[in-house]
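Please read the structure below before turning to the comments.
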Amino acid sequence: MSDHTRLGGIHAVHAALQNTAEKIVGAWLDQQRQDQRIREIANDLATAGIPVEPVHRKQLDSLFKGGNHQGIVIEVLLPREKTEKDLFEAIDSISGAPFYLVLDQVQDPHNLGACLRTSDAVGVHGIITPRDNATGITPAVCKVASGAAETIPVYRVTNLARTLRQMKKSGLWIIGTGGDARETVYNTDLTGPLALVIGAEGHGLRRLTKEHCDLIVGLPMAGTVESLNLSVAAGVLLYEILRQRNVPADPD
Numbered sequence: 002m003s004d005h006t007r008l009g010g011i012h013a014v015h016a017a018l019q020n021t022a023e024k025i026v027g028a029w030l031d032q033q034r035q036d037q038r039i040r041e042i043a044n045d046l047a048t049a050g051i052p053v054e055p056v057h058r059k060q061l062d063s064l065f066k067g068g069n070h071q072g073i074v075i076e077v078l079l080p081r082e083k084t085e086k087d088l089f090e091a092i093d094s095i096s097g098a099p100f101y102l103v104l105d106q107v108q109d110p111h112n113l114g115a116c117l118r119t120s121d122a123v124g125v126h127g128i129i130t131p132r133d134n135a136t137g138i139t140p141a142v143c144k145v146a147s148g149a150a151e152t153i154p155v156y157r158v159t160n161l162a163r164t165l166r167q168m169k170k171s172g173l174w175i176i177g178t179g180g181d182a183r184e185t186v187y188n189t190d191l192t193g194p195l196a197l198v199i200g201a202e203g204h205g206l207r208r209l210t211k212e213h214c215d216l217i218v219g220l221p222m223a224g225t226v227e228s229l230n231l232s233v234a235a236g237v238l239l240y241e242i243l244r245q246r247n248v249p250a251d252p253d
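Per my numbering: the sequence shown ends with 253, consecutive numbering throughout.
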């Protein structure tokens, strides 16, 4: 697999410049666009010492197939995946309540990319995945993440059960998810240090992973479908956690 990927779009390029400008190795710009947003991005790239090549829009379409590049495409080194050691060093350094997303053997890069994007939006401190039978950072993941792969660390761990046990010792509450849950996410206090654990597409949590959860919660389903797409369910769950954390404390 190549260690490079291409990102397109104003937001994704801006995020890359802010967080990992040193990993940008080149840029292509629509030579016909002269609006302020493009000029600002071009100036930022130049200030960072990144070569920018003006090209026709059709060439940008070819460089960034199937995506909305908004007139700018960059080539970047893939983000470095982090280790279990990195994870616990990060947990120890967090001043507030740690907030992590754990994906148990999720293999679809589009789901990981979408989870990265939502995680960035809600303030997740990192995503944890097992090293085996799970997708890591790939060009496809970066494309879907639209810049979030540069802002949200991905921790690949050898033994997920061991990692969950250690996270408990570090004070985190491990919240699993499942369709057979007795509790819903809406009547569960999710304001403290926690890791939300979501199982693989079509399979859910593995038995050993489930055994290491303090509680299993679910989403109410009022229609005829039995489940939601993984990244959609993750988005609903993560935003409920964010909502709870943003509710002002009751003075009484």
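A virtual CB, placed ideally from N, CA and C, is assigned to each residue, including glycine.
Classification of residue i by the beta-carbon crowding that lies within 10 angstroms, buried from 16 upward
i: M222; result: exposed
i: A201; result: buried
i: A47; result: exposed
i: E241; result: buried
i: P99; result: buried
i: K170; result: exposed
i: H213; result: buried
i: V218; result: buried
i: A146; result: buried
i: V248; result: exposed
i: G50; result: exposed
i: K144; result: buried
i: D4; result: exposed
Whether residue i touches residue j by CB criterion (8 angstroms)
i: D45; j: L18; result: yes
i: L195; j: I176; result: yes
i: V125; j: L102; result: yes
i: T210; j: A162; result: yes
i: L132; j: T164; result: Before going on, a small fix: residue 132 reads as Arg here, not Leu. For R132 and T164, no; Cβs fall outside 8 angstroms.
i: A16; j: P52; result: no
i: L238; j: T185; result: no
i: G10; j: Q71; result: yes
i: G172; j: S228; result: no
i: R58; j: Q37; result: no
i: A13; j: G148; result: yes
i: L88; j: P55; result: no
i: V123; j: L243; result: yes
Cβ neighbours of residue i in the same chain (closer than 6 angstroms, five flanking residues each side left out)
i: M2; result: With a pLDDT of only 43 at M2, under the threshold of 50, the placement of this residue in the model should not be trusted; the figure read from the coordinates follows. Cβ within range, chain order: n/a, list empty.
i: A235; result: C116 and I199
i: L216; result: I176
i: A141; result: P110
i: T21; result: E151
i: M168; result: A196
i: I39; result: G72
Nonlocal neighbours in the same chain, by C-beta distance under 8 angstroms from residue i, ignoring five residues either side
i: I128; result: Y101, L102, V103, L104, L113, C116, L117, S120, I153, P154, V155 and Y156
i: D109; result: T136, E202 and L231
i: W174; result: G193, P194, L195, A196, D215 and L216
i: K204; result: First, the residue type needs correcting, since residue 204 is His and not Lys in the sequence shown. Cβ within range, chain order: Q106.
i: N69; result: G9 and G10
Reduced DSSP secondary structure (H/G/I, E/B, other) of residue i
i: K144; result: helix
i: D93; result: helix
i: L229; result: coil
i: R157; result: strand
i: V125; result: coil
i: E82; result: coil
i: T178; result: strand
i: L195; result: strand
i: Q207; result: Position check: residue 207 holds Arg in this sequence, whereas Gln was assumed. Coil.
i: E41; result: helix
i: P110; result: helix
i: R166; result: helix
i: L216; result: strand
Cutoff 8 angstroms: residue i Cβ touching any chain C Cβ
i: L209; result: Annotation note: the requested chain C is absent from the structure, which comprises a single protein chain.
Rounded distance between the beta-carbons of residue j and residue i, thought under 8 angstroms
i: L191; j: Q106; result: No, L191 and Q106 are not in contact; Cβ-Cβ is about 23 angstroms, not under 8 angstroms.
i: E76; j: R166; result: Contact doesn't hold; Cβ gap of about 40 angstroms is too wide.
Sequence-distant residues of the same chain with beta carbon closer than 7 angstroms to residue i, five excluded per side
i: I138; result: L79, P80, E82, A150 and V155
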